[in-house]
Amino acid sequence: MGSLLQLGFGFKSVVFFLQLAFALAVPLTPPVWDQSAPIYPSDDPFYSPPDGYESSAPGTILRSRTVPNSLSILTILPIHIQGAYQLLYRTTDSLGNAQVSVTTVIVPHNADTTKLLSYQFAEDASWVNCAPSYALQKGAKFLNTGSSVAEFLLVIAALDQGWIVNTPDYEGPQAAFTSGIQAGQATLDSVRAALASGDITGVSSSATYQMWGYSGGSLASEWAAELQPSYAPELNFAGVALNSLVPNVSSVLRTINKGPFAGFAPAGFLGLASAYPDLAVLINDSLIPSKADDFNRARTQCLDKDILDYAGQDIFSYFKDGDAFLSNSIPQAVLTETGLMGTHGTPQMPMFIVKAVADEVSVVADTDALVKKLCSQGAQIQYVRDGLGEHVTELITGSGDAFVFLKNRFDGVPAETGCSTTNVLSAAFNLEAIEALGLTVVSALLAILALPIGEIGLQYKREDSNIGS
């Protein structure tokens, strides 16, 4: 597929084109928006399981509907797609019990029903009302959207390729943030449900499918890759791309303490507590009574508010025993069981991992160690270490390489065999990756202008075969 870059536009020119077109188009064609807000998942009967659901197989679709409100950027700018559907499906929680969750399946215009991308958003919160199925809808409360605004542009780029995109609420109804087992199983079951949704979404049951995730979304994606051989052996993924991977939750909790990302910690502890009752009891007994309410505030707010409220704080100062709390046998057992990658199986799919050497949330040494371990077990990994990035910027700078990896797999290009590690000055300096990022910008323009997203695209896509003739 061509791009504006092939027509002689540089990346800065594409950005200028975006700014100019937006400035010209919005005053002339202001969209009419329905201002009704979506219902919180905690209040929406759609999210409640039907009686007897426990006897159904994991991945079974229990209920479906068209998404109540249109999907949007910034919660106000609707995008023009063929359709978006929500599936309530049966899955399994961290302790092996039957559970339900919801996934949103997004279908672009002129969709290629044989290509399915499961994109795991970085929900990164311990409140169910931060779930992507809510946050992506027009009218959602802005502080409930986390990083979904930036990540949704990557989804739009995927839709513009004609790929159907699956976006699961992988934390489940209890918002079990940082539980890898919960996230991995819910992700796998969402793919099972999407592949079985042909009469609803048009997805082919024989589609080629891949996963992609950043930060908390990479946690869900990698755990799904590890658990797939044992939990969903019938699934055969073409690949998985992981940006800003978080291999060791215990390490993260110590790394972020007293820093700008300290807000991940209360949400992480409370997310695990919702999945593990013994940990919930211990946290309740260990919090300093006068500080308990402030700590537990993370139960009812999302990523943005958590980051603002807890920035720079010593999170262990909320506990009677200080940082010794983390050494207690209960959190140690939970974090080892569901917070440490590389312990539940060897991924059978080609993997692409891009990681900032200066990642200040999850140190690069943890990813180095995971890659070394998985490669020793026979995994197939392309690992890129980015010299100039950091945790947040890797969402953008690393997305080009990840996008190229996914596109090549969908196009039938074989992945590199074995394992490779590449150190780059910046992932954004790769020309092929820059082209992919340019496509992301152009796709964002389509969305902002409420133009059709899908293989219809811009006129240059239909004419690029004539370039140079």
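According to the numbering used here, the sequence shown holds residues 52 to 520 in order.
Positions of the beta carbon are idealized from the N, C-alpha and C atoms, including for glycine.
Sorting 272, 250 and 216 by C-alpha distance to the C-alpha of residue 229 places 272 at the top. Taken atom to atom, the span from the alpha-carbon of residue 281 to that of residue 341 is near 45 Å. DSSP places residue 95 in the coil class of the three-state scheme, outside both helix and strand. Per DSSP, reduced to three states, the secondary structure at residue 423 is helical. Residue 117 counts as exposed, since fewer than 16 other C-beta atoms from the protein chains shown sit within 10 angstroms of its C-beta. The three-state secondary structure of residue 113, taken from DSSP, is strand. Taking a 10 Å sphere around the C-beta of residue 445, we find 16 or more other C-beta atoms and assign the residue as buried. For the pair residue 310 and residue 267, the CB atoms are not nearer than the 8 Å cut-off.
Per DSSP, residue 403 is one residue of the beta strand (DSSP E) stretching across 402-407. Contact between the stretch 406-416 and the stretch 370-383 is not established, with fewer than three Cβ pairs separated by less than 8 Å. Contact annotation, residue 276 with residue 402: C-beta distance approximately 7 Å; criterion of less than 8 Å satisfied.
Bridge pairing for residue 138: 115 and 154 [DSSP]. Put simply, the backbone Cα of residue 181 is about 23 Å away from that of residue 299. In the structure shown, residue 183 falls within a helical segment according to DSSP collapsed to helix, strand and coil. Sequence-distant partners of residue 385 (beyond 5 residues in either direction) whose C-beta falls short of 6 Å from its own C-beta, in its chain, are 323, 327 and 330.
Around the C-beta of residue 339, fewer than 16 other C-beta atoms lie within 10 Å, and the residue is accordingly described as exposed.
Between the alpha carbons of residue 119 and residue 471 lies a distance of about 45 Å.
Between the alpha carbons of residue 218 and residue 348 lies a distance of about 27 Å. Here residue 433 is bridged, per DSSP, to 403 and 471. Straight across, the Cα-Cα distance linking residue 203 with residue 226 is about 20 Å. Exclusion of the five residues before and after residue 235 leaves 274, 275 and 278 as the residues of its chain whose Cβ lies within less than 6 Å of its Cβ. Bridge pairing for residue 124: 128 [DSSP].
Judged by DSSP in its simplified three-state form, residue 274 adopts helix. The three-state secondary structure of residue 380, taken from DSSP, is helix.
Under the Cβ criterion (8 Å, minimum of three pairs), the stretch 237-255 counts as touching the stretch 98-114. DSSP places residue 215 in no alpha helix (DSSP H) but in the uninterrupted beta strand (DSSP E) bounded by 214-219. Residue 138 and residue 156 have their C-alpha atoms some 8 Å from each other.
Taking C-beta atoms under 8 Å as the contact rule, residue 237 and residue 184 fail to qualify, at a distance of about 12 Å.
Rounded to the nearest whole angstrom, the CA to CA distance from residue 397 to residue 421 is 11 Å. Residue 215 and residue 162 have their C-alpha atoms spaced approximately 7 Å apart. Out of 136, 105 and 400, the CA that lies nearest to the CA of residue 250 is found in 136. Residue 167: member of the beta strand (DSSP E) spanning 163-171, first to last residue. Looking at the backbone, the Cα of residue 464 and that of residue 359 are separated by about 43 Å. Note that the C-beta distance between residue 171 and residue 457 is not below 8 Å.
For residue 477, same chain residues with a beta-carbon under 8 Å away, outside a window of 5 residues either side, are 437, 438, 439, 440 and 448 in chain order. Comparing alpha carbon positions, the residue from 336, 240 and 462 closest to residue 371 is 336.
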